[in-house]
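To start, the structure itself, in structure tokens.
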Amino acid sequence: MGLYPLERWTGGSIPIFFHWVLASYCITWGFRTISLQGSQPNPPSISRPRRLRRIVGTTISLVAIGGYFVWVSYLAAPAFFVWKIAGRAPLHAVRVETGQSFETVDGVRLVADVYHPIRAGIKQPTILVRLNYTNTLKQTLFARLIGRGWAEQGFTVVLQGTRGRYESGGEYVPFLHERHDGQATLRWLSQQRWFNGKVGTWGGSYFGYTQWAIADNESPSLSAMYIYESSTDFFRTLYRGGAFALQSALWWANTVHFESFENVTPELVERGANGFPVIEADDRSIADVDFYNDWTSHRQRDAFWYQVDGTRRASTTKAPVLLLAGWYDPFLQTQLDDFKALLGHPDAAVSMKSRLVIGPWGHAKNVVLPDGSTTMNFRFVSIANSFDWFDYHLNDRDAPKTAPVRIFVMGDNRWRDEQTWPLPRAVDTKLFLQSGGNAHEPRGDGQLALEALFDALPADVFTYNPLNPVPTRGGAFMGPGTAIKPQNSIESRPDVLSYTSSPLAEDVEVTGYVRATLVVSTDAPSTDFTAKLVDVYPDGSAYNIADGILRRTYDTNDQPVSITIQLGATSNVFKKGHQIRLDVSSSNFPLFDRNPNTGTRIAYETRPVAALQKIHQGVSTPSFIELPVVPDKGGVPLIRFHKRQ
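For the sequence shown, the residue numbers in the working numbering are 217 to 861.
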């Protein structure tokens, strides 16, 4: 035992090296035997049954040897994975206790698998992950991978299925039971003989929410949280600018119905989205899903949402939080609100130790940038950073040398450390919309300029028909087709207005929150306006950077009204020779549900009507986009254009 002080083993008392040597020897021996048998002709004296026995015996031997090799590889996979992504060798063998359970106060049994590091002492810090995954082969392998990976580093790992998921009992209803079940789980942990009083939590999306649900628990309190692409505020995630995030909601409803991601197809989501009323989209897609009906019918922050709201917990948690986010993730905007609350936390230990990382990712997806490049695999990053984070907060090791904020700057395609968010040095810079009333498609006369030079400009007019909406091309949502995509095909539509700057004379970095202020009028009692920031390359290709929507009611007397559309946060360098573009319309479907323009209850409306939309410009009715421009090295936050030819 003393020869292996770090216990880099797969289990029991046999070093992993011995397993590999034995498996390699057996396979070599098996293939050599087959080779020798194949090179010797079968004499006539050997009977057919004897030859059959030889073939069967050889086959069984090969299957057994192959199975042994697969088993060794399966046991070694977590060690190799952790070494690959974090440069850490395994320190401990792992013992797994499956089916560990307790009963909640309402009689539901919650089940967990517990991964113990062998010879790590009687008590170790715990990493808790509450999963809403099901017991499929792919998801089970994922759970085993992360469970063993952390346990080999000396943590006790508890992977628990949420109510109605994995092997836990009860019915899965998103959000509803997570606070009470999570608190019950913490009480159960505190009673275990191996619990040392320190617990960290990990996970993203839904099992990021399961962390926020217990973030302010008193006894035991959390020591650290690692949350990726999730937030405390699911209402604002599902209702950006007042419009319902139809694509993400339908994708979620499908995954719950099938209890996996693998069976959900874009065709199913499209089938559900293409029709009225919106509340029956789940029925058209797969089946009636109760929580989908609740989400789409509760369009205000009412009692339904208050019962699962966690926004205050970012200000009351006692644990520092690492937030991992993506520029094209639907949770980004509310996740940034969580970080703002953490920075303003009354406990300096929480505010100073919390961290924010934003990369060029979709929702748990890698993104291919327009130049064909990509960055670190999101899944790997979400796990790799956790080892130093938990070592510091659970094992009192040295603090990782990381800045409070780390962002990926698109365009330059590089990582950069910052001290806070948003960047104090960014300067909000306005680009004004102007045209001669013909901003339809990029070849029209829609322009972005540094000043509103003219007054009494004609309004740009288009018709928004809910039965022929502008299709979604990229953006922040769940499912395939997310992130950064070419926009040229939709910019040629008559219901899309494009305002484009002159080519840039030098690089311009936009990092922070983007807003568009538009002076609009409509003949509909209720309608939507959308805005999209686009990076136009010298060859004319155009790519979405950020987008937003605003849904509200209007007077139908055609009087201009100033509205502000929040496009959210981004970081992108518009390179020299590129152009900045703002696309304006009234739909982005199925990213957002369609406004039927009737002023009635949108979830139940079956008879949409067309609306006549106008965008006004000029000195007296200025419409503009506001960009947070980061100064260059000389400290000058200017946008300079080449003169138009």
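C-beta atoms are modelled at their ideal positions from N, C-alpha and C, and glycine is treated no differently. Computed from a prediction, not measured in an experiment: that's the story for all the values here.
Rounded separation between residue i and residue j - CA only
i, j, result
"Ser589", "His473", "35 angstroms"
"Thr698", "Val583", "8 angstroms"
"Ala429", "Glu394", "6 angstroms"
"Gly386", "Thr320", "10 angstroms"
"Asp763", "Val374", "39 angstroms"
"Thr453", "Ser421", "11 angstroms"
"Asn412", "Lys339", "5 angstroms"
"Tyr388", "Arg270", "53 angstroms"
"Phe693", "Leu462", "9 angstroms"
"Ala465", "Ser277", "51 angstroms"
"Trp468", "Gly491", "18 angstroms"
"Arg862", "Ala721", "Nothing about residue 862 can be read from this structure; the chain reaches only from 217 to 861."
"Gly370", "Ala615", "17 angstroms"
"Thr314", "Val279", "28 angstroms"
"Asp771", "Asp510", "29 angstroms"
"Leu353", "Glu478", "11 angstroms"
"Thr471", "Ile281", "38 angstroms"
"Phe297", "Thr591", "18 angstroms"
"Ser229", "Arg335", "Because Ser229 sits at a pLDDT of 40, beneath the cut-off of 50, its placement in the model cannot be relied upon, and the following sentence gives the value as read from the coordinates. Answer to the nearest angstrom: the Cα atoms are 11 angstroms apart."
"Ala826", "Leu807", "20 angstroms"
"Lys493", "Gly458", "Here residue 493 is Pro; the residue named in the question, Lys, does not match the sequence. The alpha-carbon atoms of Pro493 and Gly458 are separated by roughly 17 angstroms."
"Ser501", "Gly578", "24 angstroms"
"Pro824", "Arg689", "23 angstroms"
Beta-carbon contacts of residue i that lie in its chain and below 6 angstroms, excluding the five residues immediately before and after
i, result
"Tyr759", "Pro586, Ile700, Asp751"
"Leu649", "Tyr715, Gln833, Ser839"
"Pro638", "Gly728"
"Val573", "Leu540, Arg622"
"Val312", "Tyr331"
"Asn788", "Met626, Gly627, Val726, Ile761"
C-beta contact flag for residue i and residue j at 9 angstroms
i, j, result
"Val524", "Val566", "no"
"Phe318", "Leu326", "yes"
"Thr862", "Leu610", "For the chain, the structure presents residues 217 to 861; residue 862 sits outside this window and is missing."
"Gly756", "Asn704", "yes"
"Val724", "Phe805", "no"
"Thr426", "Phe460", "no"
"Gln355", "Leu344", "no"
"Pro620", "Arg810", "no"
"Ser742", "Asp774", "no"
"Ile599", "Ala302", "yes"
"Gln795", "Ser708", "no"
"Arg379", "Val324", "yes"
"Pro333", "Thr372", "yes"
"Ala535", "Ala668", "no"
"Phe423", "Leu666", "no"
"Pro696", "Pro482", "yes"
Exposure label - residue i; buried when at least 16 CB within 10 Å
i, result
"Leu843", "buried"
"Lys300", "exposed"
"Gly488", "buried"
"Val286", "exposed"
"Lys617", "exposed"
"Ala642", "buried"
"Pro710", "exposed"
"Lys414", "buried"
"Leu664", "buried"
"Glu368", "buried"
"Leu766", "buried"
"Leu405", "buried"
"Ala503", "exposed"
"Gln635", "exposed"
"Val872", "Nothing in the structure corresponds to residue 872, since the chain is present only between 217 and 861."
7 angstroms Cβ shell around residue i - same chain, five flanking residues per side excluded
i, result
"Gln861", "Model confidence at Gln861 stands at a pLDDT of 43, short of 50, so the residue's coordinates are unreliable and nothing is read from them."
"Arg529", "Trp428, Ala431, Asp432, Thr448"
"Phe391", "Tyr425, Phe450, Val524"
"Thr350", "Arg381, Tyr382, Glu475, Ser476"
Same chain, Cβ closer than 8 angstroms to residue i, five either side skipped, listed in chain order
i, result
"Gly815", "Ala740, Pro741, Ser742, Thr769"
"Pro754", "Pro719, Gly793, His794"
Quiz item: Hey, is the segment 829-843 in contact with the segment 664-675, meaning 3+ C-beta pairs nearer than 8 angstroms?
Solution: yes
Quiz item: Just checking, does the segment 655-662 make contact with the segment 590-609 on the three C-beta pairs under 8 angstroms criterion?
Solution: no
Quiz item: Is the segment 436-449 touching the segment 542-549, taking contact as three or more C-beta pairs under 8 angstroms?
Solution: yes
Practice problem: Count the C-beta pairs between the segment 737-751 and the segment 791-801 that are closer than 8 angstroms, then say yes if the count reaches three, no if not. | Solution: yes
Quiz item: Any contact of the segment 810-821 with the segment 776-786, i.e. 3+ C-beta pairs under 8 angstroms?
Solution: no
Quiz item: Per the contact definition of three or more C-beta pairs closer than 8 angstroms, is the segment 620-635 in contact with the segment 350-365?
Solution: no
Exercise. Decide yes or no for the touch test of the segment 431-443 against the segment 507-521: beta carbon pairs closer than 8 angstroms, at least 3 of them.
Key: no
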